[in-house]
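So the structure is just underneath, and the comments pick up after that.
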Amino acid sequence: MQEIHGSVIDQTNSEKDGDNQNQNVDVRRMVCRYRLSSLLPRRALLIKRLRERATENIAEYKLSVAYRYKVGAALIHHNTCVME
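Take any residue in the sequence shown, note its place counting from 1, add 1, and you have its number in the numbering used here.
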């Protein structure tokens, strides 16, 4: 009789442990969701800044290429004028 009673107690304890584990998992999920949700605005801001920098870098690169092309063209023109 005591064994049956013991198995019932073990079963209820294991059910409680299962409930506790489920609660722990739920709490972990909530914490992870909170962390992710708190990081999303920072991530979005970081991505925005990186895109702005990339756009600025591309614009600077295009300007520098155009500048080099103009300078090169001017030098070629100057050299051809001098040679004539």
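Heads up, the beta-carbon is just placed ideally off N, CA and C, and yes, glycines get one too.
Euclidean distance between Cα positions of residue i and residue j
| i | j | result |
| --- | --- | --- |
| A60 | R52 | 12 Å |
| R50 | T56 | 10 Å |
| Y68 | R54 | 20 Å |
Cutoff 8 Å; reference residue i; Cβ partners in own chain excluding five residues on either side
| i | result |
| --- | --- |
| N58 | none |
| G73 | none |
Residues near residue i by beta carbon distance below 7 Å, same chain, minus five either side
| i | result |
| --- | --- |
| P42 | none |
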